[in-house]
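Colleague: What follows is a single structure, and I will ask about it in a moment.
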Amino acid sequence: MLGKVKQLITFYEEVLSMPHRQEIARELRNEDDMFLLLLYSEMLGIPNPVYYYTLELYPYMMENYHEWHLRMGMEKSPMTGFRCC
Amino acid sequence: MNAILVALIGIVIFALGYRYYSKFVAEKIFRLDPNYVTPAHRYKDGVDFVPTNKFILWGHHFTSVAGAAPIVGPAIALYWGWLPAFLWVILGTVFAAGVHDFGTLALSVRNKGQSVGTIAEKLIGKRGKILFLFIILTLVLMVNAVFAWVIANLFITYPSSVLPVFIQIPLAIWIGYAVYKRNVKMLVPSLIALVIMYVAAILSADIAFLQIDLVAYMGGEDGTGLFGLSTVSTAFLIWIIILMIYVYIASTLPVWKLLQPRDFINSHQLVVGLGILYLGLLFTNPQITAPLTNPKPDISWLPLLFITIACGAISGFHGLVSSGTSSKQLNNETDARFVGYFGAVGEGILALISILAVATLFASTADFNAAYASFNQANAGGLGNFVEGAAVLAGGLGISANISTTIVSIIVVSFAATTLDTAVRLMRYIIAEIGAEYKVNVLTKPHVATSVAVLSSTALVLIPEGPNGFGSGGYLIWPLFGTANQLLAGISLLLISIWLKRLGRNYAYTLIPMIFLMFMTLYALFQQVLFEWSWVGSNSNTLLFVLGAIIFVFAAWIALTSFQALTGKFDQSIKDD
């Protein structure tokens, strides 16, 4: 019985938090996109004095970058410098 | 007749509809495939496309679609007697709303989770999409005006509900902050908020000092108002201005700050409200005193009944939710039946209790007839009657009349306010989209679009003409709101039919409710525009005439365009994924 009540409460909590979880994920995704832009703005023609250093993150960002261009509706990487797929 | 029996009949029909009819539609018409990779899996991004458990998705879907409209419409429609309203809610839900909500979900799932607006472009071309956008725009404009009117009137009639409703705003902001910034789980804070609101309701129900009664502040109904208006009109004006300032802010803030936490509190209110009303019905075991049918109505039920009960039986708004968010989160295609069809049934259950609350309110049929003497009277008093009727049912649980009226009016105001927030936000997006379409760049700016949305809604609700004098706008346009809403539902059903036809399936099950709905809506619109609001009409009104005529032209146009698409003369095919 107690187990069923707990299950019901968990269900109710999930219903409530679904749109909220989405909103948090959206904000985080926007922040990530912004971060990506800050790191590799040089590739878009925006001068970036620390580009030399941010380039070191390149292997770590590959996965994120690939997800980003797919999300933006581009099957292949739009930048020649970035070879992710 | 015994109200519990009527409720039982209704619920049994809903259950049979879900068990058999929806199963038939799912298997034979939409042919749901458990192996189909839904957009939630195919485009899984952790944000919009997230595979979700069907029960959770249903809960979310139901709380998004259930609002004040399934309460207001049936409460007014009782004018024609309880049977027509009951039949339309039950049969409409089973054969029209269920198929509509379920169909838009299935259509969207098979089209990358896109919204009905975008799918309209694919099915009936770009012109169809723009017409669609305009109809949605007119609909949300009316939603804003009607719900602002509903809230302002409830604030004036039940001043004890003002404080609890206003307390909800800081509480919602606090929840948003706690959950979002402090990573607190939301169930406990939102329950605390609800308790605080209801404590405020209990206190303000009995303590006059806590009731924000603008009319009493100005010396009662015979006192002096501002600008030569009566005190009631002045109070109405003040509430509308406050509400519009509020929605401006609420619709431009990020959703997590106010809109979402308010939704969380209101989801509890939906559960509490439905629980109180159905339990109250069981405990009070009331008799229906409303007549079965109205023998001599001053306005015929045909076709007005079908646009007066706008939500509750079928609603175009549900299609926007189905294809907007729910379709992107469907874990398995076969879940569409539970989420879509059963979501419509949930709304039907809300409309059913609204009918029963009003039908059992009056001591005798003579009392009912006095309160519902004319359609105008039913229109103006329907909502108040629901609040009173629901309070009587709540009284069965031992809650005092003052407290229960306050709590019921808070529930209605909260539903209406959330719809208002969302509708203004939606209107802002549509204005921006139309601005982008026609290259009017200034309209794409959030504050310009919001200003246009808020100012036009305010202007509409403050129309001074009409039987209620100042502020008759919202009251007069309720039928127009119903029309636009039903029209949207009709168009969505049409899109589903076109899609089914192109797939070579039997589309009669969506086409028949579509024809019925479109016919009733266009018939009602034609009758009102020409015989009521035009210069030769009985109730001549330029604004309503213009608004009604615009909707009529759009509706006729889109119906013709779609007819072309349906008969296969439109040279554009749709690929099913």
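Those protein sequences? They're chains C and E, same order as listed. For the first sequence, numbering that gives the first Met the number 0 assigns the number 0 to the initial residue and increments by one for each residue that follows. For the second sequence, numbering that gives the first Met the number 0 assigns the number 0 to the initial residue and increments by one for each residue that follows. From the three backbone atoms N, C-alpha and C, an ideal C-beta is built for every residue, glycine too.
To which residues does DSSP link E/Q286 through a beta bridge?
Modeller: In DSSP, E/Q286 forms a bridge with E/N1.
Colleague: Exposed or buried, what is E/S189 when buried is set at 16 or more other beta-carbons lying within 10 Å of its beta-carbon?
Modeller: When all chains shown are included, E/S189 counts as buried.
Colleague: Run through chain C and tell me which residues come within less than 8 Å of E/S266, C-beta to C-beta.
Modeller: Chain C residues near E/S266: V14 and L15.
Colleague: Report yes or no: is there a C-beta of chain C within less than 7 Å of the C-beta of E/H317?
Modeller: So, not an interface residue.
Colleague: Is it buried or exposed for E/I497, if we count other Cβ within 10 angstroms and need 16 for buried?
Modeller: Looking at its Cβ environment, which holds 16 or more other Cβ atoms inside 10 Å, E/I497 is buried.
Colleague: Using only CA atoms, which one of E/F13, E/G97 and E/A105 lies nearest to E/A39?
Modeller: The shortest C-alpha separation from E/A39 is found at E/A105.
Colleague: Mind checking if C/P18 is an interface residue toward chain E, Cβ cutoff 7 Å exclusive?
Modeller: Chain E, which has a Cβ nearer than 7 Å to the Cβ of C/P18, makes this yes.
Colleague: DSSP has E/L329 in a bridge; who is on the other side?
Modeller: According to DSSP, which records beta bridges pairwise, E/L329 is partnered with E/T51.
Colleague: So does the segment 154-174 of chain E actually touch the segment 442-451 of chain E, counting three or more Cβ pairs closer than 8 Å?
Modeller: Not touching, per the Cβ criterion.
Colleague: Taking one C-beta from the segment 347-359 of chain E and one from the segment 66-74 of chain E each time, how about it: are there three or more such pairs within less than 8 Å?
Modeller: Contact holds: three or more Cβ-Cβ distances are below 8 Å.
Colleague: Within 10 Å of its beta-carbon, does E/P260 have 16 or more other beta-carbons around it, so buried, or fewer, so exposed?
Modeller: Buried: at least 16 other Cβ atoms inside 10 Å.
Colleague: Start and end of the alpha helix (DSSP H) containing E/G434?
Modeller: Residues A400 to E436.
Colleague: Who are the Cβ neighbours of E/F551 in its own chain at under 8 Å, not counting the five residues just before and after it?
Modeller: Within the same chain, E/F551 has close Cβ partners L521, L524, F525 and V528.
Colleague: With DSSP as the reference, label C/T9 as helix, strand or coil.
Modeller: Helix.
Colleague: Evaluate E/N440 with the Cβ neighbour count: other Cβ atoms within 10 Å of its Cβ, from every protein chain shown; 16 or more gives buried, anything less gives exposed.
Modeller: Looking at its Cβ environment, which holds fewer than 16 other Cβ atoms inside 10 Å, E/N440 is exposed.
Colleague: Quick check: what's the CA-CA separation for E/A488 versus E/A95?
Modeller: Using only the alpha carbons, I get a separation of about 9 Å.
Colleague: Near E/F385, what residues of its chain come up, given a Cβ to Cβ distance below 7 Å and the 5 sequence neighbours on each side ignored?
Modeller: Once the five neighbours on either side are set aside, the close Cβ partners of E/F385 are I70, A74, S353, A356 and V357.
Colleague: With distances taken Cα to Cα, identify the nearest neighbour of E/K444 among E/I430, E/S456, E/E436 and E/L454.
Modeller: Here the closest residue by C-alpha is E/I430.
Colleague: Within 10 angstroms of the Cβ of E/C310, are there 16 or more other Cβ atoms? Answer buried if so, exposed if not.
Modeller: Classification for E/C310: buried.
Colleague: E/M519 and E/F282: beta carbons closer than 7 Å?
Modeller: No, the Cβ-Cβ distance between E/M519 and E/F282 is not below 7 Å.
Colleague: Cα separation between C/L1 and E/L301?
Modeller: Roughly 52 Å between the two C-alpha positions.
Colleague: From the beta carbon of E/H60, is the nearest beta carbon of chain C less than 7 Å away?
Modeller: Not closer than 7 Å to any Cβ of chain C, the Cβ of E/H60 fails to qualify, so no.
Colleague: Ordered along the chain, which non-local residues of its own chain (more than five positions away) have a Cβ less than 7 Å from that of E/W532?
Modeller: Around E/W532: N538, S539, N540, L543, F544 and G547.
Colleague: Shorter than 7 Å from the beta carbon of E/L242 to some beta carbon of chain C?
Modeller: No, no contact with chain C.
Colleague: Check whether the segment 208-217 of chain E and the segment 149-167 of chain E touch, using three or more Cβ-Cβ pairs below 8 Å as the test.
Modeller: Yes, the segment 208-217 of chain E touches the segment 149-167 of chain E.
Colleague: Within 10 angstroms of its Cβ, does E/H446 collect 16 or more other Cβ (buried), or is it exposed?
Modeller: The residue in question, E/H446, is exposed, as its Cβ has fewer than 16 Cβ neighbours within 10 Å.
Colleague: For the segment 40-59 of chain E, list every residue whose C-beta sits within 9 Å of some C-beta in chain C, in sequence order.
Modeller: Cβ contacts with chain C come from Y42, D44, G45, V46, D47, V49, T51, N52, F54, I55, L56, W57, G58 and H59.
Colleague: Would you please verify whether the beta carbon of C/Q21 is less than 7 Å from any beta carbon of chain E?
Modeller: Yes, C/Q21 counts as interfacial toward chain E.
Colleague: Would you give the residue range spanned by the alpha helix (DSSP H) that E/P188 belongs to?
Modeller: Start and end: L186 to D205.
Colleague: Quick one: residues in its chain with C-beta nearer than 6 Å to the C-beta of E/S373, no 5 flanking neighbours on either side, listed in chain order?
Modeller: Taken in chain order, the residues that qualify are D297.
Colleague: Do you know how far the Cα of E/G339 is from the Cα of E/W57?
Modeller: About 8 Å.
Colleague: Mark E/R126 as exposed unless 16 or more other C-beta atoms lie within 10 angstroms of its C-beta, in which case mark it buried.
Modeller: Exposed, by the Cβ-count rule.
Colleague: Do the segment 403-410 of chain E and the segment 199-208 of chain E make contact, defined as three or more Cβ pairs closer than 8 Å?
Modeller: With a cut-off of 8 Å, the segment 199-208 of chain E and the segment 403-410 of chain E count as touching, because enough Cβ pairs lie within range.
Colleague: Which of the three DSSP states is assigned to E/T251 in this structure?
Modeller: Helix, per DSSP.
Colleague: Can you tell me the Cα-Cα spacing of E/G272 and C/M60, whole angstroms?
Modeller: The straight-line gap from Cα to Cα measures roughly 50 Å.
Colleague: For C/Y64, return the contacting residues in chain E, with the cut-off set at a CB-CB distance below 9 Å.
Modeller: Within 9 Å Cβ-Cβ: nothing; C/Y64 doesn't reach chain E, min ~15 Å.
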